[in-house]
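First to last, the protein sequences are chains W and B.
Everything in the first sequence is counted per the working numbering, starting at 1 for the first residue and increasing by one.
Everything in the second sequence is counted per the working numbering, starting at 1 for the first residue and increasing by one.
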Amino acid sequence: MIKKRELLKKLACAGLTACMLFTMIGCGSGSSDSAPADTTAQKEEAPAEKTDEAPAEEAASEAAPAEETSKEPITFDIAVNKHTHSMCEDFNEQLAFQMAEEATGVHINWIMVPAGSTEKVNAMLTADLPDAFLGLISESQIASSMDSFLDISGMLEQYCPHVLADYATIDGGLDLVTWSDGSVRALMTGVETSYQDESPANLFINKVWLDQLGLEMPTTMDELHDVLIAFRDNDMNGNGDTTDEIPLKTSEANWAAKIINLANSWGIAGYDSGVSSHYFMVKNGVATPTLDTPAFREYLEYMHMLVEEGLMDVESFTETNDQFFAKLKSGVCGVALCFSPYAMMPEEVASQYEPIVKLDVDGYDYVKTGHKNQLIANKSGFAITSACENPERLLEWWDYLSSDRKIKFTMRYGEEGGFWYEGDDGKIYQKTPEGLAEDFTVDNYKYTNGQMGNGTLILKDEVEIITKEDSYSIWFKTNTTEQVWDMMQDEYPPTRLVDSAKLEERTFMETDLFAYIQNFTATSILNGVDDASWDGFLAQLKTLQYYDWIQWYQDYIDGKF
Amino acid sequence: MKKRSKMQVSWDDRVFDIVTWAFLLFFIVIVMYPLYFVVIASFSDPMYVNNGQLVFLPKGITLMGYRRVFMDKRILSGYLNTLIYTGCGTVFGVCVTMLAGYSLSRKDLPGRNIIMMLFVFTMYFSGGMIPMYLVVKSLNLVNTRLLMVLLGSVSVYNIIITRSFLAGNMSDDLLDAARIDGCGNARFFVSIVLPLSKAIVAVIALYIAVVHWNSYFNAMIFMTDEGKYPLQLYLREILLSATTTINTTTETDPEAAMRLQQMGQVIKYGVIVVSTVPIICVYPFVQKYFVKGVMIGSVKG
Chain W
1 MIKKRELLKK
11 LACAGLTACM
21 LFTMIGCGSG
31 SSDSAPADTT
41 AQKEEAPAEK
51 TDEAPAEEAA
61 SEAAPAEETS
71 KEPITFDIAV
81 NKHTHSMCED
91 FNEQLAFQMA
101 EEATGVHINW
111 IMVPAGSTEK
121 VNAMLTADLP
131 DAFLGLISES
141 QIASSMDSFL
151 DISGMLEQYC
161 PHVLADYATI
171 DGGLDLVTWS
181 DGSVRALMTG
191 VETSYQDESP
201 ANLFINKVWL
211 DQLGLEMPTT
221 MDELHDVLIA
231 FRDNDMNGNG
241 DTTDEIPLKT
251 SEANWAAKII
261 NLANSWGIAG
271 YDSGVSSHYF
281 MVKNGVATPT
291 LDTPAFREYL
301 EYMHMLVEEG
311 LMDVESFTET
321 NDQFFAKLKS
331 GVCGVALCFS
341 PYAMMPEEVA
351 SQYEPIVKLD
361 VDGYDYVKTG
371 HKNQLIANKS
381 GFAITSACEN
391 PERLLEWWDY
401 LSSDRKIKFT
411 MRYGEEGGFW
421 YEGDDGKIYQ
431 KTPEGLAEDF
441 TVDNYKYTNG
451 QMGNGTLILK
461 DEVEIITKED
471 SYSIWFKTNT
481 TEQVWDMMQD
491 EYPPTRLVDS
501 AKLEERTFME
511 TDLFAYIQNF
521 TATSILNGVD
531 DASWDGFLAQ
541 LKTLQYYDWI
551 QWYQDYIDGK
561 F
Chain B
1 MKKRSKMQVS
11 WDDRVFDIVT
21 WAFLLFFIVI
31 VMYPLYFVVI
41 ASFSDPMYVN
51 NGQLVFLPKG
61 ITLMGYRRVF
71 MDKRILSGYL
81 NTLIYTGCGT
91 VFGVCVTMLA
101 GYSLSRKDLP
111 GRNIIMMLFV
121 FTMYFSGGMI
131 PMYLVVKSLN
141 LVNTRLLMVL
151 LGSVSVYNII
161 ITRSFLAGNM
171 SDDLLDAARI
181 DGCGNARFFV
191 SIVLPLSKAI
201 VAVIALYIAV
211 VHWNSYFNAM
221 IFMTDEGKYP
231 LQLYLREILL
241 SATTTINTTT
251 ETDPEAAMRL
261 QQMGQVIKYG
271 VIVVSTVPII
281 CVYPFVQKYF
291 VKGVMIGSVK
301 G
């Protein structure tokens, strides 16, 4: 019995030893045999790819040595935000990443993070750093967790020549992504500028109603007032009810419908769609307050007059975005402030609207809210973390994806011939892709086959051309921007990264100040403004550090931090 | 019955009845109307819902919301995952809770007060999200279905309810009698305690099932594979993306965002109905145990 047991023990030991040996051999062969084979294969392919896909002159020759060393297969973990429209289960199915893997040997293990998962990103930043983040990190997150991100400034010249070549063409260049300590923690994604977005909010008037009344397109605020009265007093939508028309529709719940945009007629304009960007204007390099001016008071008084006369929807200050949408869709609005009617209403309703280009007020120069050639690329788009052991290879991979206009568009929209194509004139055009269905829209197509805003930087000159036939709604918005372009201001605060301490300093002032201004604006428009309330407002602005806040921007403009 | 019908009801009793019925009806309307509104809104054009034109009957009847919900494969896979997590999590949770509650209810368990104190301590103080993330990561449970089953299955609150119930209902005499008949601890628990605790089992099962059904946060933090997402996480993603603020200082796709918002409006109420109906259906089956289960032992220690 004892002998039998000992024999069994010996057999078990021998079996386990054999297992261990096999396992070790198995592991060893995987790393030593396959890698060199892949390396040589990819090395042989490299020169051909280089000539095809890297037309960027000097950059191409500089990139060559980097690519020679980057053939061994390697895997990186990248956390990426997945848009809700995306139906892609694994981004490695996207053509751009397949091409990049073939060219650089870099395989990506994508960690998909659903939209709005700030807590998840914070947990990853603290406890589980991937090799890189794509489209998930904000500038403020980098500023507050600087050590979690690798300083890649010293590697860019060698490993990212194409990226550097692109940055050299942008006003500000590499400084745009350089922090005050001289480090570079992230690279840009998306497009450099987007012409259609440069004038975010515009007034659109129902031209059918205007024609019904035989009225002309208004060009001044007084003329607009007359038109609104006509809209109010007539049964414009022909339903037999003269009370359901909303002459002027704005909404504080919608990013592009905020009433502050109407202050443009009094020479007050913002540099983006945010309300606070209207609180000062840069004039000859000086941050100039706009809220303590007679212009702002006159604007408030005019808006109050519209409210008193029932020409404006008073629910604009309290409604939700869904309610705003519903009102626009129901075809009861005469004049609407929004991004574009085609983005807000059914096509048959939207087609009735035309943009109001300019509304003058005596004594003031009209200035349109917007930002010419605004850099809208995400400056913290692609960030390599300090957990990455081989950042050089990852940078080479990113550089490959930036090496050529076609690969950039493939990364952004998917393969050529789908949502985009190269015309005979060498320019990129948009087209409607095939295979769309009710449950697979054009948005699903773009976000499933491409990375959209998470793609490598597309320069202003490379941006696709949109024709009226290809996409009427985008053409319409582009055309609207074109009409107001000359009225947009020319000076804006610079685009530069700011360290976390300075950002906190500004945020500290903004919390109470913005809440007070917004409250005062709403109250004044609804209830009116008199000398006492105006004087109180001016005094409160001082107390709530309005002028310190403007000084912060002045220092920023002057380059003091 | 005849006798009862002939009984004279005093005017003050009649007033009392009327007031009581009026109150009851009022509260039923207050509770039922929002549920009813969600149902009719799910069949109506969102334009009427948002314009406040929907009151008693659906307007602009459409099945678009349901069609979009059921056409989306991700919603269906989320549904399946939620069923798995809820089913397995509830079974696991009930087992652990009953075992813990029973053990702690036995006076002969050494150190039971200390154990109970440690349990209660976790109700007031927790390590927080990051330490929890580190623990889960070190156990290699990130992005696993097992994690979704384990997390949220056991709560100290449920253990306390169970312990109180068992301490009050399973007397020492019962245990002694069973022992005389040769019954051990395990047999006593399985053959006597469990059959006598149907009420508390039903209540605990419902509590745990509801937690699992509604849970999205753990999945959001720990899951990376979309195929393993529960229903609630995907629904949250749709609704949140639809309301995400757009700004023009970074690249956005305003038209896509607005179309997403419109989709959100269309499917919002359909999604609420689809995701709520299954768990509502469970309630009638456990209702008879509900009050009994929670209340028994509530005044005992």
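We put the beta carbon where it would ideally sit given N, CA and C, even for glycine.
Per DSSP, what are the beta-bridge partners of residue i in this structure?
| i | result |
| --- | --- |
| residue 364 of chain W | DSSP, once it has assigned bridges, lists no residue as partnering residue 364 of chain W. |
| residue 441 of chain W | DSSP, once it has assigned bridges, lists no residue as partnering residue 441 of chain W. |
| residue 565 of chain W | The shown model of chain W, from 1 to 561, leaves out residue 565 of chain W, and the question about it has no answer. |
| residue 355 of chain W | W/204 |
| residue 287 of chain W | W/282 |
| residue 81 of chain W | W/113 |
| residue 96 of chain B | DSSP, once it has assigned bridges, lists no residue as partnering residue 96 of chain B. |
| residue 149 of chain W | W/385 |
Under the rule that 16 or more other beta-carbon atoms within 10 Å means buried, what is residue i, buried or exposed?
| i | result |
| --- | --- |
| residue 159 of chain W | buried |
| residue 11 of chain B | exposed |
| residue 388 of chain W | buried |
| residue 127 of chain B | exposed |
| residue 180 of chain W | exposed |
| residue 555 of chain W | exposed |
| residue 29 of chain W | With a pLDDT of 35 at residue 29 of chain W, under the threshold of 50, the modelled position of this residue cannot be trusted, and the question is left open. |
| residue 63 of chain B | exposed |
| residue 8 of chain B | exposed |
| residue 45 of chain B | buried |
| residue 147 of chain W | exposed |
| residue 52 of chain W | Bear in mind that the predicted position of residue 52 of chain W carries a pLDDT of just 39, short of 50, making it unreliable; the figure below should be weighed with that in mind. So residue 52 of chain W ends up on the exposed side. |
| residue 142 of chain W | buried |
| residue 114 of chain B | exposed |
| residue 25 of chain W | For residue 25 of chain W, the predicted structure reports a pLDDT of 36, less than 50, and the residue's modelled location is therefore unreliable. A value from the coordinates is still provided. Result: exposed. |
| residue 190 of chain W | buried |
| residue 558 of chain W | exposed |
| residue 450 of chain W | buried |
| residue 215 of chain B | buried |
| residue 283 of chain B | exposed |
Round the Cβ separation of residue i and residue j to the nearest angstrom and send it over; I've been treating them as touching at under 8 Å.
| i | j | result |
| --- | --- | --- |
| residue 200 of chain W | residue 339 of chain W | 6 Å |
| residue 372 of chain W | residue 488 of chain W | 6 Å |
| residue 311 of chain W | residue 232 of chain W | 6 Å |
| residue 546 of chain W | residue 291 of chain W | 7 Å |
| residue 563 of chain W | residue 529 of chain W | Lying before the first or after the last residue shown, residue 563 of chain W is absent from chain W, which here runs from 1 to 561. |
| residue 397 of chain W | residue 106 of chain W | 4 Å |
| residue 170 of chain W | residue 198 of chain W | Their Cβ separation, rounded to whole angstroms, is 16 Å, which puts residue 170 of chain W and residue 198 of chain W out of contact at 8 Å. |
| residue 67 of chain B | residue 104 of chain B | With a Cβ gap of about 51 Å, residue 67 of chain B and residue 104 of chain B do not count as contacting. |
| residue 196 of chain B | residue 169 of chain B | 7 Å |
| residue 200 of chain B | residue 161 of chain B | 7 Å |
| residue 131 of chain W | residue 385 of chain W | 6 Å |
Chain C beta carbons: is any one of them nearer than 8 Å to that of residue i?
| i | result |
| --- | --- |
| residue 232 of chain B | Included in the structure are the protein chains W and B, with no chain C among them. |
Compile a chain-ordered list of the residues in the stretch 392–414 of chain W whose CB is closer than 8 Å to at least one CB of chain B. none
Using a Cβ-Cβ cutoff of 7 Å, what residues of the stretch 109–140 of chain W are near chain B? List them in chain order. 111, 112, 114, 115, 116, 117, 119, 120, 123, 126, 127, 128
Mind pulling the alpha helix (DSSP H) runs of 4 or more residues that sit fully within the stretch 137–221 of chain B? Counting whole runs of 4 or more residues, the stretch 137–221 of chain B contains the alpha helix (DSSP H) stretches 145–150, 156–169, 172–180, 198–214.
Select from the stretch 227–247 of chain W all residues with a C-beta closer than 9 Å to any C-beta belonging to chain B, and list them in chain order. none
With 8 Å as the limit, tell me which residues of the stretch 128–162 of chain B have their beta carbon closer than that to any beta carbon of chain W; keep them in chain order. 129, 130, 133, 134, 137, 142
Taking the runs of the alpha helix (DSSP H) that are 4 residues or longer, which of them lie wholly in the stretch 266–294 of chain B? As far as the stretch 266–294 of chain B is concerned, it has no whole alpha helix (DSSP H) run of at least 4 residues.
Identify every run of the beta strand (DSSP E) within the stretch 114–143 of chain W, keeping only runs that are complete inside it and at least 3 residues long; order them along the chain. Correct list: 132–134.
Residues from the stretch 67–99 of chain B in contact with chain W, defined by Cβ distance under 9 Å: From the stretch 67–99 of chain B, only 67, 68, 71, 72, 73, 74 have a Cβ closer than 9 Å to chain W.
Report the residue ranges of all beta strand (DSSP E) runs contained in full by the stretch 19–94 of chain B; include only those spanning at least 3 residues, in chain order. none
Mind listing, in chain order, the continuous alpha helix (DSSP H) runs of no fewer than 4 residues lying wholly within the stretch 370–428 of chain W? 391–401, 405–413
Fully enclosed by the stretch 469–556 of chain W, which alpha helix (DSSP H) runs are 4 residues long or longer? 472–484, 500–527, 531–543
When you check each C-beta in the stretch 252–268 of chain W against every C-beta of chain B, which residues fall closer than 8 Å? 255, 256
Residues of the stretch 24–40 of chain B in Cβ contact with chain W at a cutoff of 9 Å, in chain order, please. Cβ contacts with chain W: none found.
Going residue by residue through the stretch 282–331 of chain W, where are the continuous alpha helix (DSSP H) segments of at least 4 residues, counting only ones entirely within it? Runs found: 294–308, 321–329.
What runs of the beta strand (DSSP E), each 3 residues or longer, lie entirely inside the stretch 200–245 of chain W? 202–206
Could you please tell me which residues of the stretch 81–101 of chain W, in chain order, have their CB closer than 7 Å to any CB of chain B? Of all residues in the stretch 81–101 of chain W, 84, 85, 89 have a Cβ within less than 7 Å of some Cβ in chain B.
Quick one, which residues of the stretch 316–345 of chain W are near chain B if we go by CB-CB under 8 Å, in chain order? Along the stretch 316–345 of chain W, the positions whose C-beta sits under 8 Å from a C-beta of chain B are 320, 321, 322, 323, 325, 326, 327, 329, 330, 339, 340, 342, 343, 344, read in chain order.
Looking at chain B, which residues of the stretch 452–464 of chain W have a Cβ within less than 7 Å of any of its Cβ atoms? 452, 453
Contacting positions in the stretch 431–442 of chain W - beta carbon closer than 9 Å to chain B: 438, 439, 441, 442
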